[in-house]
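**Q**
Numbering (full-length UniProt numbering), first residue to last: 1 to 722.
#1: So which of 26, 72, 76, 34 has the shortest CA-CA distance to residue 122?
#2: For residue 132 and residue 140, which I take to be in contact (beta-carbon distance under 8 Å), what is that distance rounded to the nearest angstrom?
#3: Please report the straight-line C-alpha distance between residue 19 and residue 64, rounded to a whole angstrom.
#4: Check whether the Cβ atoms of residue 52 and residue 44 sit closer than 9 Å, and answer yes or no.
#5: Secondary structure at residue 300, three-state DSSP: helix, strand or coil?
#6: So, helix, strand or coil for residue 359, using DSSP?
#7: Please tell me whether residue 670 and residue 691 are closer than 9 Å, where the distance is taken between their beta carbons.
#8: Report yes if the C-beta of residue 626 is less than 8 Å from at least one heavy atom of the ligand NAD; otherwise report no.
#9: Judging by CA-CA distance, which residue of 149, 130, 170 is the nearest neighbour of residue 159?
#10: Just grab the DSSP bridge partners of residue 591 for me.
#11: Along the chain, where does the alpha helix (DSSP H) containing residue 274 start, and where does it finish?
#12: Mapping DSSP to helix, strand and coil, what is residue 43?
#13: Based on the DSSP output, what are the partners of residue 643 in its beta bridges?
#14: Taking the alpha-carbon of residue 274 as reference, which of 306, 325, 314 has the nearest alpha-carbon?
#15: For the alpha helix (DSSP H) that contains residue 115, what are its first and last residues?
#16: Might you give, ordered along the chain, the residues of its own chain that have their beta carbon closer than 7 Å to the beta carbon of residue 540, omitting 5 neighbours on each side?
#17: Taking Cβ to Cβ, would you say residue 82 is nearer than 9 Å to residue 22?
#18: Can you grab the Cα-Cα spacing for the pair residue 228 / residue 323, in whole Å?
#19: How many Å lie between residue 569 and residue 505 at the Cα?
#20: Return helix, strand or coil for residue 496, following the three-state DSSP convention.
#21: Of all the options 311, 66, 578, 681, which has the alpha carbon lying nearest to the alpha carbon of residue 616?
#22: Do three or more CB pairs link the stretch 514–524 to the stretch 453–467 at distances below 8 Å?
#23: Do residue 453 and residue 644 have their beta-carbon atoms positioned less than 9 Å apart in this structure?
#24: Could you tell me which residues DSSP puts in a beta bridge with residue 315?
#25: Taking the DSSP output, what are the residues bridged to residue 333?
#26: Which two residues bound the contiguous beta strand (DSSP E) that contains residue 260?
#27: If you draw a straight line from the C-alpha of residue 480 to the C-alpha of residue 487, how long is it?
#28: Measuring straight from C-alpha to C-alpha, what distance separates residue 107 and residue 168?
#29: Our contact map puts residue 586 next to residue 516 with C-beta atoms below 8 Å; I'd like the distance itself, whole angstroms only.
#30: Along the chain, where does the alpha helix (DSSP H) that runs through residue 427 open and close?
#31: Can you grab the Cα-Cα spacing for the pair residue 78 / residue 100, in whole Å?
#32: Using only alpha-carbon positions, find the residue among 102, 558, 688 that is nearest to residue 666.
#33: At which residues does the beta strand (DSSP E) containing residue 552 begin and terminate?
#34: When we look at the beta-carbon of residue 612 and count the other beta-carbons within 10 Å, is it buried (16 or more) or exposed?
#35: Below 8 Å on the Cβ atoms is my contact criterion, and I expect residue 472 with residue 438 to pass it. Report the Cβ-Cβ distance as a whole number of Å.
#36: Give the single residue among 606, 111, 548, 549 whose Cα lies nearest to the Cα of residue 406.
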C-alpha cells in the first residue's frame, strides 16, 4: 500500500455513511437519538467520539451535562444523557415546547421544521399521521420569524408538509426570499409573457418589519404619543370639476383588478375590509390607535396587513390598514408613494416609478363613479348605525353574521329622504254605504305654522302618499311633535261617523307576551310610517281627501285617524307574516318583536322576517329598530331574559294619574291600569268600584269615596310582578 493510499483510506473511513443526527434536546427520546448517534460515530476514532457527541447536544442539555460533569467514556456519557433527557422537568417542557417553539435567530427553515416534527412526535405520539402533520403545518406558519419567508408562506400557503419542506429548502437557499420574486408572480408573468421587475423590499430599521421605513413606523409614532392619524380625502374627494375625473389607477391585488384612489393627503395606504378578506395577506405590524378622514369623521381600522400589489408589470409588497366601510376598494397613500418613489403628473395624466420608464395612465373616473363611492360609503355608515356598539355575550363571529344579514337586507330599511315601501297585499276599504260626501271647510292655520304645513305637504307628495283631490274634504290640524316638528293630522270624525266598522279582531296583549317565555335575545322592528305603506282601495281614495288653505289633497295610502285602520293594519301584518313558525315573531299592530332562545335561532328568525317584509314591499324605520338586546320595552312592558315586568315609566304614570272627575276620565284610567292586570292579583275585584262608575245606571258617588277607590287601584297597579 503506497503512502497516498495510507492517507486516503483513513480519510475515507472518517466520512460517515449516515446523516448527522439532530441535536439532543430536553424531552427527546434519548434511546432513539442514542441509536442514531452510535451509527454515526462508530467509524470515528474512539478518542474523538466523546467530543463528537458533545457537538450533537442542544444548549440546554449541554448546560445540564456540565452540572453533572462530563464522563470520559462513551457508554457513561450516553447513560447520563438518557437520565437528563428523560428527567421530570423535561417532561413538562415537552408538553409545552411544541406550542411555544418559534423559529430561532439564525435558524434555517428546514431546521425549524425538523424541530417541530420531533416535538410533535413526542407530544402527540398516538395521534394519526394526517392530524399530526396538519398540526405541524399550522404551528410552522405561526412560528416563522423570517419576515420575507412569512410573507411568502402566507401568500402561497403550502397544502402539506412535503410542499412545505420543498418551499423551505428553496427559501433557505435564496436567503429567505429577500431579493426574489415569488413563484406565484413568475407563474402569472409567464402566462402573460412579461418579465418581472426584481425589487428589494424596504425593511424598517426601527421594528425590523418590511413594507415601510423607520420614518413612517407606526410603533415609533405610537410610542411618541401620536394616537390619531389622518387618512386624507376619504369623504371629500378632490377631482377636476371640469371633467369630473378622480385620480385613480388600475392595480391588481390578490388577482382582483380594482381602481385605487391616489391620495397624497393620506399618511397610510388603506384597503376595504371586503377586499382584504379576498386577498392573500400577512399581518405584520400594529395598526394605529385611530384613523380620521379629512372631515374629522372617525374610521374603524380593524387590521393591518401586507400583500402583493401589481402596478403595470411591476410587483410590490405593500402594507395596508384594513378599514371597515371604506368607500373605495384601495387608497394609495404617502407610504406607497414614498416607498415606490412614484412621480405623479396629473396635468399630463401619468405615473412613473423610479428605476424604470414605465408609464401608467390614470383611469378617468367620472362623477358617476364618485357617486357610487359616496353611496357605498353612506351604505356602510348606515349599517354601522344599526349595529349595537356593545352587546353582552355576543362573540365577534356572531357580530359578523349579524352585519352580513343587515347588508343582505339593507334595502328593506327606509332612511331619511328615501321612498317609503308600498304594498297592495291588503288594501284599506272605507265603506260609507249611501252616505253623501263629507265636505268641510279648511281651518285657519296660523302664520308661523304655514311653512311647516307646506313642507309636510311637499314631503307627502314626494313620497307619493297624497295627491290633489275631489268632492270629499276633511280639515287638518297641526300637532307639534316631541322634537319640535309639526305633524299633519286630519280630522276624520265626520267621515268616521258614516263609515261601517270593521270587526277584525286584535290579538290579546297577554297572549302575545306569553309567547316570549324563555327567550334570551330580542329585536324590535318598526315600519317606516307603517300606515303610509298600505294602499287605500282606488275607489275609496277620494274619501280620504283633506283641505288646507292652498288646496285639496287625497291619500293614496292609509292615513292616520280613520276608523278601521288598526284592523286593516293588523290584517296586513298577519297576511305578510303568514306561514312563519310559531313564535318566530310576535306582533301587535305596528309593534313587532323577534325573540330567540339562542343567538343563532334569533338570527334565523330575523332573516325569515326580513324575507317576508322584502317580499311584501315593506320598509323599516332604522332609527326605531332595536337589535340584539337582552332587555327591551314592548307593549308598555319590559322584557328581559329574567322574564316580563312592568315598565317603571308607566308605573309612575299610574301613580301620579290625576283623580278622575268624570266618566271619561275613569275609563281612561282603567284603560291604562288594565295594561298591568297580569301583575295585580284579583284585578277585577280591585277595579270593580271604578268599573261601576262607568255604567249609566250607577249613581254618582261622593268625591272622597271615588278618590279612595282610585288611589287603591293605583297602588295595586304599581306593584310589578316578575
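Backbone N, C-alpha and C fix where the C-beta goes; we use that ideal spot for every residue, glycine too.
**A** Result, derived from the coordinates:
#1: Answer by Cα proximity: 26.
#2: Rounded to whole angstroms, the Cβ separation of residue 132 and residue 140 is 12 Å, and the two are not in contact under 8 Å.
#3: Those two C-alpha atoms are separated by around 26 Å.
#4: Contact flag set, yes.
#5: Residue 300 falls in the strand class under three-state DSSP.
#6: In this prediction, residue 359 scores a pLDDT of 49, lower than 50, which makes its location untrustworthy; the coordinate-derived value is nonetheless stated afterwards. Under the three-state reduction of DSSP, residue 359 is assigned to strand.
#7: In contact: residue 670 and residue 691 (Cβ atoms closer than 9 Å).
#8: Inclusion of the ligand NAD in the displayed structure is not the case, the ligand content being empty and no account of it being possible.
#9: That would be 130, whose Cα lies nearest to the Cα of residue 159.
#10: Paired residue(s): 588.
#11: Residue 274 -> alpha helix (DSSP H) spans 273–276.
#12: Three-state result, residue 43: coil.
#13: For residue 643, the pairing in a beta bridge is given by DSSP as 640.
#14: The shortest CA-to-CA distance from residue 274 to any of 306, 325, 314 is the one to 325.
#15: It spans 109–123 - the alpha helix (DSSP H) in which residue 115 sits, taken as one unbroken run.
#16: If we look at residue 540 and ignore the five residues flanking it on each side, its Cβ neighbours are 429, 430.
#17: For the 9 Å CB-CB criterion, residue 82 and residue 22 do not form a contact.
#18: Because the pLDDT of residue 228 is 38, which lies under 50, any placement of that residue in the model is unreliable, and the number read from its coordinates should be weighed accordingly. Each residue's Cα considered, the two are about 14 Å apart.
#19: Between residue 569 and residue 505, the C-alpha separation is close to 11 Å.
#20: Residue 496: helix per DSSP, three-state reduction.
#21: Taking residue 616 as reference, the option from 311, 66, 578, 681 with the minimal CA-CA separation is 578.
#22: The stretch 514–524, when compared against the stretch 453–467, does not touch it at the 8 Å Cβ threshold.
#23: No, these two residues do not count as a Cβ contact at 9 Å.
#24: DSSP lists 310 as the beta-bridge partner residues of residue 315.
#25: Partner residues in a beta bridge of residue 333, as assigned by DSSP, do not exist.
#26: Segment 256–262, the beta strand (DSSP E) holding residue 260.
#27: Between residue 480 and residue 487, the alpha-carbon positions lie close to 6 Å from each other.
#28: C-alpha separation (whole angstroms): 12 Å.
#29: Residue 586 to residue 516, Cβ: 7 Å. Contact.
#30: Taken as a continuous stretch (DSSP letters only), residue 427 belongs to no alpha helix (DSSP H), being part of the beta strand (DSSP E) at 423–428.
#31: For residue 78 and residue 100, the distance between alpha carbons rounds to 28 Å.
#32: For the residues 102, 558, 688, the minimum Cα distance to residue 666 belongs to 688.
#33: Here the beta strand (DSSP E) through residue 552 covers 551–555.
#34: The residue is buried, with at least 16 neighbouring Cβ atoms inside 10 Å.
#35: Sure, about 6 Å apart at Cβ, within 8 Å.
#36: Relative to residue 406, the option among 606, 111, 548, 549 whose CA is nearest is 606.
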